[in-house]
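*Asks:* Position in the sequence shown (first residue = 1) + 16 = our numbering. For each residue, glycine too, the CB sits at the ideal point set by N, CA and C.
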Amino acid sequence: SLDPSFDTDGTTTTPIALGNSTAYSVALQNDGKLLVVGYARDVFGSYMALTRYLPNGALDLSFDTDGIVTTDISPNDDVAYDVAIQTDGKIVVCGSSEQTATDPQITIVRYLSNGSIDSSFDGDGISVAFENSQDQGIGSSLQIQTDGKILVAGYLQGKFTVIRLLTNG
17 SLDPSFDTDG
27 TTTTPIALGN
37 STAYSVALQN
47 DGKLLVVGYA
57 RDVFGSYMAL
67 TRYLPNGALD
77 LSFDTDGIVT
87 TDISPNDDVA
97 YDVAIQTDGK
107 IVVCGSSEQT
117 ATDPQITIVR
127 YLSNGSIDSS
137 FDGDGISVAF
147 ENSQDQGIGS
157 SLQIQTDGKI
167 LVAGYLQGKF
177 TVIRLLTNG
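(1) What does the Cβ neighbour count give for residue 104, buried or exposed, with the cut at 16 atoms within 10 Å?
(2) Are there 16 or more other CB atoms within 10 angstroms of the CB of residue 137, so buried, or fewer, so exposed?
(3) Measure from the alpha carbon of residue 134 to the alpha carbon of each residue in 152, 102 and 146, then state which is nearest.
(4) Excluding the five sequence neighbours on either side, which residues of its own chain have a C-beta within less than 8 angstroms of the C-beta of residue 72, listed in chain order?
(5) Take residue 169 and list the residues in its own chain whose beta-carbon comes closer than 6 angstroms to its own, dropping the five residues that flank it on each side.
(6) How is residue 84 classed by DSSP in three states: helix, strand or coil?
(7) Taking just the CA atoms, how far does residue 145 sit from residue 151?
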């Protein structure tokens, strides 16, 4: 049965941008808040989307003032596939960004706990693992090791791939 204590009927939906939006992964913070990632689409393409909900299903308005963060990385489509929370509360997201319409790149973004991009991560908060159009790939799953290093799994050039980043991106 659906839990009626979660947004009164057990479900919550959040429209983001002007077009379709899709959620792919959820992470639970120590305080019970939920982080959900995916993408939001408008007439210009898709953006990485990150939302934070209170334990009761309401958007957390202390997270980027409206509970919703969208990140436009490339001139084409950007998608977030997974999210993890570091021990210091920083939020790490993996997915892809397309530098051209057929050029997805494994992309990792780190946010501060308030939803702003953490510029101490790879200098601008965004790490594109391989910035070569020959190395097309998507990061679809991620974990934070106990030493803080970031593991991302997905594919690169059609092959099963795991990469590991240092804590600074």
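*Replies:* On the basis of the coordinates in this document:
(1) Position 88 of the sequence shown holds residue 104. So residue 104 ends up on the exposed side.
(2) Working through the sequence shown from its first residue, we reach residue 137 at position 121. Burial call: buried.
(3) Start at 1 with the first residue of the sequence shown, and residue 134 comes out as number 118. The residue with the shortest Cα to Cα distance from residue 134 is 102.
(4) Against the sequence shown, residue 72 aligns to sequence position 56. These residues qualify, in order along the chain: 21, 22 and 23.
(5) By one-based count along the sequence shown, residue 169 stands at place 153. If the five residues before and after residue 169 are omitted, its C-beta is found closer than 6 angstroms to the C-beta atoms of 157 and 178, all from its own chain and listed in chain order.
(6) Here residue 84 refers to the residue found at position 68 when the sequence shown is read from its first residue. DSSP places residue 84 in strand when its eight states are reduced to three.
(7) For the purposes of this step, residue 151 is taken as residue 135 along the sequence shown, with counting starting at 1. For the purposes of this step, residue 145 is taken as residue 129 along the sequence shown, with counting starting at 1. Cα to Cα, the separation comes out at about 9 angstroms.
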